[in-house]
Amino acid sequence: MTKVPKPFAFTPILGWSTTRYDLFRICRRRYYYEYYRKHDREAPLKDIEEKRELTTAPLETGAVVHQIIAVLLGRLRKTAEEIDRAKFFDFARRAVLHSTQAKEFEEVHYGLVPRVALEDIYPKVAASLENLLDSPRLQWLTGTAARFSDEWLIDPPGYGETRIGDLKAYCKVDFLFPVEGVHHILEWKTGKKDPEKHRKQLLGYAAWASFHLEVEPDVVSPTIVYLQPAYEEVHETFNSYDVSQFEGQVRAETHEMYSYCESIPENIPLDKSAFPLVNDDRICTVCNYRGLCFPKRFPKASGA
Numbered sequence: 005m006t007k008v009p010k011p012f013a014f015t016p017i018l019g020w021s022t023t024r025y026d027l028f029r030i031c032r033r034r035y036y037y038e039y040y041r042k043h044d045r046e047a048p049l050k051d052i053e054e055k056r057e058l059t060t061a062p063l064e065t066g067a068v069v070h071q072i073i074a075v076l077l078g079r080l081r082k083t084a085e086e087i088d089r090a091k092f093f094d095f096a097r098r099a100v101l102h103s104t105q106a107k108e109f110e111e112v113h114y115g116l117v118p119r120v121a122l123e124d125i126y127p128k129v130a131a132s133l134e135n136l137l138d139s140p141r142l143q144w145l146t147g148t149a150a151r152f153s154d155e156w157l158i159d160p161p162g163y164g165e166t167r168i169g170d171l172k173a174y175c176k177v178d179f180l181f182p183v184e185g186v187h188h189i190l191e192w193k194t195g196k197k198d199p200e201k202h203r204k205q206l207l208g209y210a211a212w213a214s215f216h217l218e219v220e221p222d223v224v225s226p227t228i229v230y231l232q233p234a235y236e237e238v239h240e241t242f243n244s245y246d247v248s249q250f251e252g253q254v255r256a257e258t259h260e261m262y263s264y265c266e267s268i269p270e271n272i273p274l275d276k277s278a279f280p281l282v283n284d285d286r287i288c289t290v291c292n293y294r295g296l297c298f299p300k301r302f303p304k305a306s307g308a
């Protein structure tokens, strides 16, 4: 396997990602706070950063599951010994406990609940991990795929920078590994299915691997692994035409975001007023920045 990921020198120009464009599409003001907060001349940066650091119980469930699976895969790469489930789930419990104590939760910040505790997150974390441990995929990883474990790439560092055409993009994979000439990618999910969004992610991973490994997309095998409520995999195979079409989509979406830049090369945004608010409860009530946009409607909870 070619050493991945390839390094890139820093450039300030914005980089496309499914996450970035989704924020841009859903709410321009949230997009501004997420990516251009240092340019805001109204809200103190510390207030924006405070909101940005908020997490939620569902998000933290996914984050802890990803963290533990990365540790599990690292262990599988070294030994084929049977997993001690009691120790494994004790480790998971301690990871969740640390998370609930170390993180500030959106639900608490806005007074929806008094606290987020171990029992609010651990059951879904444990169920997700149990589903993985009992899956045929794990058996395959410890058998057939383990022969190539020296080449496993587990939660690589950085943000997954790549190039799609001549455009900067970010497509961070969870787990990449070769088996007999095919480059497999697994993406773990603990949330709801979103076929359109997740297919776009898989296309991004195929493009990422094709670029970094210098292989054709049809020898890249990206798979979404749903760990909740039951174990399920969704697999896609792409060819050069698919990636070429995807490049066109990424180009169009990137240029949409460019249009909100005063300087594209330096990634300097237009004034905040060019990024309008969205006043829609379906969007606002699940946005961590809602207290900045509508402070009277969404005040910070006393003591939070």
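Numbering-wise, the sequence shown is residues 5 to 308 according to my numbering. Where a beta carbon is used, it is the ideal one built from N, C-alpha and C, also for glycine. It should be emphasised that the depicted structure is a prediction, and the values quoted were computed from it without experimental measurement.
From the DSSP output, read off the bridge partner residues of residue i.
i, result
"residue 239", "227"
"residue 36", "Note: residue 36 sits in no beta bridge, so no partner."
"residue 193", "230"
"residue 180", "157, 189"
"residue 272", "267"
"residue 109", "59"
"residue 165", "174"
"residue 20", "173"
Might you give, ordered along the chain, the residues of its own chain that have their beta carbon closer than 6 Å to the beta carbon of residue i, omitting 5 neighbours on each side?
i, result
"residue 227", "190, 237, 239"
"residue 164", "174, 175, 176"
"residue 10", "216"
"residue 282", "31"
"residue 54", "none"
"residue 28", "35, 261"
"residue 153", "81"
"residue 135", "231, 235"
"residue 279", "32, 33, 36"
"residue 68", "99, 100, 103, 129"
"residue 137", "none"
Under the assumption that residue i contacts residue j (Cβ atoms under 8 Å), give the Cβ distance between them as a whole number of angstroms.
i, j, result
"residue 176", "residue 231", "Going by Cβ atoms, the distance from residue 176 to residue 231 rounds to 18 Å, so no, they are not a contact pair."
"residue 56", "residue 79", "At roughly 33 Å, the Cβ-Cβ gap does not stay under 8 Å, so residue 56 and residue 79 are not in contact."
"residue 204", "residue 44", "Not a contact, Cβ separation roughly 30 Å."
"residue 72", "residue 133", "6 Å"
"residue 179", "residue 77", "6 Å"
"residue 265", "residue 274", "7 Å"
Just to confirm, are residue i and residue j a CB contact at a threshold of 8 Å?
i, j, result
"residue 129", "residue 61", "no"
"residue 59", "residue 125", "no"
"residue 213", "residue 181", "no"
"residue 166", "residue 211", "yes"
"residue 122", "residue 258", "no"
In chain order, what residues of the same chain have a beta carbon less than 8 Å from the beta carbon of residue i, not counting five sequence neighbours either side?
i, result
"residue 209", "175, 177, 189, 191, 224, 226"
"residue 26", "201"
"residue 169", "251, 254, 255"
"residue 70", "159, 178, 192"
"residue 94", "none"
"residue 118", "112"
Excluding the 5 residues preceding and the 5 following residue i in the sequence, name in chain order all residues of the same chain whose CB lies nearer than 7 Å to its CB.
i, result
"residue 241", "222, 225"
"residue 51", "296"
"residue 206", "226, 228, 240"
"residue 74", "158, 159"
"residue 131", "232"
"residue 244", "220, 221"
"residue 302", "114, 294, 295"
>> Check whether the region 287–305 and the region 24–37 touch, using three or more Cβ-Cβ pairs below 8 Å as the test.
In response: Judged by Cβ distances under 8 Å, the region 287–305 makes contact with the region 24–37, as three or more pairs qualify.
>> Check whether the region 14–33 and the region 269–286 touch, using three or more Cβ-Cβ pairs below 8 Å as the test.
In response: Verdict: yes, contact present.
> When the Cβ atoms of the region 232–239 are set against those of the region 248–263, are three or more pairs found closer than 8 Å?
Replying inline: With the rule of 3 Cβ pairs closer than 8 Å, the region 232–239 does not count as touching the region 248–263.
> Should the region 220–234 be regarded as contacting the region 186–198, the criterion being three or more beta carbon pairs within less than 8 Å?
Replying inline: The region 220–234 vs the region 186–198: in contact.
>> Taking 8 Å as the cut-off, does the region 91–107 touch the region 191–207 (at least 3 CB pairs, one atom from each stretch)?
In response: Segments in contact, no.
>> Would the region 108–117 count as touching the region 157–166 if we require 3 or more Cβ pairs under 8 Å?
In response: At 8 Å Cβ cutoff, the stretches do not touch.
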